[in-house]
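Residue numbers (my numbering), protein chains in the order written: chain H, 27 to 160; chain Y, 1190 to 1335.
Encoded as structure tokens, the structure appears first; notes follow it.
The structure is reproduced here in structure tokens:
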């Protein structure tokens, strides 16, 4: 009963909302059965998305630093080959930063609204850095 | 590792690279529709690109020692292509794994299908990166090999 009451509430949480077409209402009924409360399953994508974005930016930064002749000493100490050390360091930083961020997102019930856009820009930036500064 | 084995691994690496390039376009195309499930295509493409990068990493140290210096001496332009190819491969494998995780975590209860859209972006980016890397790899391999 409680679940059904929540389901009838609009996603915004306000009762006075503009009327939507019936097809859209049905679509929202199927797609969002428990209102706007972030569920466990829908938030599992946050670490993957955030981790990928962080990896791309960190790796691009380390790549630029290497091209400029500035090798970060803790990173260079990981492996003698810069490609491998940069990969391991970026992966470690991405994992270390994405999991706490995902926990914060989950606790606050937030969703990453513009993940696709951020990921697109990260991919474009990474590609540009790699292609323009070999 | 003997020179014959390195040459064989290099050839396998090149062929698997083109296979994974084609395979990565499959989930990228299927996931244009956010509600579409493509677990098999996503899994196989991710496995292929991971195998490609693993093979590349296995021969990289020997390549760096024996082939890369001669490559840069004879043609700096081709050498710079090789330098561009490596990070693109790294980016592709990370994007493929992120795309797989995003696709597996996508649920219909997500009202705006953000995970599905992000999975599509990740696979599309991985497909573009592998296309560039595989093309550069062919150019480099035609010029000089083990």
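Where a beta carbon is used, it is the ideal one built from N, C-alpha and C, also for glycine.
Remember, predicted model here, so these are calculated numbers, not experimental data.
- Interface annotation, residue 71 of chain H: in contact with chain Y, CB-CB separation under 8 Å.
- Sixteen is the threshold: since fewer than 16 other Cβ atoms of the shown chains lie within 10 Å of the Cβ of residue 1204 of chain Y, the residue is exposed.
- Minimum Cα-Cα distance from residue 1332 of chain Y among the listed residues Y:1206, Y:1220, Y:1257 and Y:1192 corresponds to Y:1257.
- With its beta carbon at least 8 Å from every one in chain H, residue 1327 of chain Y lies outside the interface.
- Spanning the alpha carbons of residue 115 of chain H and residue 83 of chain H requires a straight line of approximately 12 Å.
- Taking C-beta separations shorter than 6 Å and ignoring five residues to either side along the sequence, the partners of residue 81 of chain H in its chain run 116 and 120, following chain order.
- If you draw a 10 Å sphere on the C-beta of residue 1254 of chain Y, you find fewer than 16 other C-beta atoms in it, and that means exposed.
- Under the three-state reduction of DSSP output, residue 1212 of chain Y falls in the helix class.
- A direct Cα-Cα distance of roughly 38 Å separates residue 1273 of chain Y from residue 132 of chain H.
- Burial is judged here by how many other beta carbons sit within 10 angstroms of a residue's own beta carbon; residue 1317 of chain Y has at least 16 and is buried.
- When the Cα atoms are used, residue 90 of chain H and residue 1195 of chain Y turn out to be separated by approximately 30 Å.
- The criterion of a C-beta distance shorter than 8 Å is not satisfied by residue 1230 of chain Y and residue 1209 of chain Y.
- DSSP, reduced to helix, strand and coil, places residue 94 of chain H outside both helices and strands of the structure shown, so it counts as coil.
- By the C-beta density criterion, residue 1250 of chain Y is exposed, having fewer than 16 other C-beta atoms within 10 angstroms.
- For residue 104 of chain H, the secondary structure class from DSSP, reduced to helix, strand or coil, is coil.
- Annotation: Cβ neighbours of residue 1283 of chain Y in chain H (cutoff 9 Å, chain order): 77, 78, 81, 82, 85, 113, 116, 117 and 120.
- Residue 1312 of chain Y and residue 1217 of chain Y have their C-alpha atoms roughly 5 Å apart.
- Minimum Cα-Cα distance from residue 1320 of chain Y among the listed residues Y:1264, Y:1261, Y:1191 and Y:1212 corresponds to Y:1212.
- Any Cβ of chain Y closer than 8 Å to the Cβ of residue 153 of chain H would place that residue at the interface, and such an atom is present.
- Residues of chain H whose Cβ lies closer than 7 Å to the Cβ of residue 1306 of chain Y are, in chain order, 142.
- At a cut-off of 8 Å between beta-carbon atoms, residue 1254 of chain Y makes no contact with chain H.
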